[in-house]
Amino acid sequence: MSERQFPTTEALDESLCQAISERLEEALQRRGAATLVISGGSTPAGLYRKLARSVLPWNKITVLLADDRWVAGNHRDSNEGMVRELLLQDHAADAHLLSLSPDFPDEGNNLVQVERLVSQLPTFDVVLLGMGLDGHTASLFPCSAEITHVMTTTDSVAMTQPTTAPHRRISLTRKRLEDSRWGALHIVGGDKLKVVKSISSSTAQTEIPVSAFLPPRGKFDIWYAP
Numbered sequence: 000m001s002e003r004q005f006p007t008t009e010a011l012d013e014s015l016c017q018a019i020s021e022r023l024e025e026a027l028q029r030r031g032a033a034t035l036v037i038s039g040g041s042t043p044a045g046l047y048r049k050l051a052r053s054v055l056p057w058n059k060i061t062v063l064l065a066d067d068r069w070v071a072g073n074h075r076d077s078n079e080g081m082v083r084e085l086l087l088q089d090h091a092a093d094a095h096l097l098s099l100s101p102d103f104p105d106e107g108n109n110l111v112q113v114e115r116l117v118s119q120l121p122t123f124d125v126v127l128l129g130m131g132l133d134g135h136t137a138s139l140f141p142c143s144a145e146i147t148h149v150m151t152t153t154d155s156v157a158m159t160q161p162t163t164a165p166h167r168r169i170s171l172t173r174k175r176l177e178d179s180r181w182g183a184l185h186i187v188g189g190d191k192l193k194v195v196k197s198i199s200s201s202t203a204q205t206e207i208p209v210s211a212f213l214p215p216r217g218k219f220d221i222w223y224a225p
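Sequential numbering from 0 applies to the sequence shown in numbering that gives the first Met the number 0.
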C-alpha cells in the first residue's frame, strides 16, 4: 500500500489516469484482456474524461461499476449513465461495459444474472473506489441492514438499502472487490482524509466499511488531493 498526495485535483487525475492506463496495458500484455472496476460520484469525473482519451485497445477491456443505484440507466442518478457520458467516449467508446442492471426493474432476475456474470470474471486488474464521509465505499453503507452480509458473504453481488442516501442499490461485495491485482481509493478533501486517518486495527468494518480495503487489513493505495 502507498499513499499518494497531490497539490491539486488536476494533478491527481493526471497521475491516476497514467497509473490505471499502465496497469491495464500490463494486464493486456500478460493475459490479452483486462478488467477495470470504477465508481460513481462527482470525484472521478475529471479522471474519466482523461481515461476516455487514453490510447488503449479498449475493445479488450471490460468495465464495470463497483455499485449503482437501482434506477433506470437513463435516470439522472444512474452511475451507469454517468459512465456512458464521461468514460465511454473517444478511444474508450470501444470498451465492453458490464451493466449492473441489465434486467431492470426485475430485481430478482437481475441479481441472478449479474451474480453469474461477475462471478465468472477473473481477478480484477484495477479497482477504483471512492468513499463517503460515513466511511462507505461502493454501496457498502454502515447504515444499511445488509452491511454484515455484504462484508462477509462469498457472493459477488448484493442489494443494499442505505437509510442515509436515496435509492436502493446494487453493489459488488467486499470479497469480490478485494479480488483485485491493484486497487486505489480516490478521495478529494480534508474531511475524507480524516476518516481514512482514523482507521486502525480495532476499527470495525461494519462501522467504517472502507477500512476493509486499507491498512492494516487491506492493500489498496490511497490517492488524495485537498
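No residue lacks a Cβ here, since even glycine has one placed at the ideal position from N, Cα and C.
Within the region 64–117, the beta strand (DSSP E) runs of at least 3 residues that lie entirely inside it are, in chain order, 66–68, 95–97. In this structure, the alpha-carbon of Trp222 lies about 20 Å from that of Glu24. In the structure shown, Trp222 falls within a strand segment according to DSSP collapsed to helix, strand and coil. In this structure the region 74–86 does not lie against the region 170–182, because fewer than three pairs of beta carbons, one per stretch, are closer than 8 Å. Nearest to Glu9 by C-alpha distance, out of Leu55, Leu192, Val187, His90, is Val187. For a cut-off of 8 Å, the C-beta gap from Thr152 to Leu97 is around 20 Å, too long to register as a contact.
Contact between Gly217 and Gly129 does not hold, since the beta-carbon distance rounds to 15 Å and is not under 8 Å.
Between Ala183 and Ile19, the CB-CB gap stays under 9 Å. Contact between Thr163 and Asp133 is confirmed by a C-beta separation of about 7 Å, below the 8 Å threshold.
Taking one beta carbon from each stretch, the region 64–72 and the region 41–50 have fewer than 3 pairs nearer than 8 Å; the two do not touch. Leu35 and Leu127 have their C-alpha atoms some 8 Å from each other.
Residue environment analysis places Cys16 among the buried positions, since at least 16 neighbouring C-beta atoms fall within 10 angstroms of its C-beta. Beta-bridge pairing by DSSP links Val156 to Leu171.
The Cβ atoms of Gln112 and Pro101 lie closer than 9 Å to each other.
By the 16-neighbour rule on beta-carbons within 10 angstroms, Glu145 is buried. Taking the Cβ atoms as the reference, Ser143 lies roughly 5 Å from Pro161, within the contact range of under 8 Å. Residue range 8–30 is occupied by the alpha helix (DSSP H) that includes Gln17, with no beta strand (DSSP E) assigned at that position. Judged by DSSP in its simplified three-state form, Leu213 adopts coil rather than helix or strand. As for any alpha helix (DSSP H) of minimum length 4 sitting wholly inside the region 171–200, the runs are 173–177, 189–196, ordered along the chain. Judged by DSSP in its simplified three-state form, Thr61 adopts strand.
Under the three-state reduction of DSSP, Val54 is assigned to coil, being neither helix nor strand. In the DSSP assignment, the residues bridged to Thr136 are Leu139.
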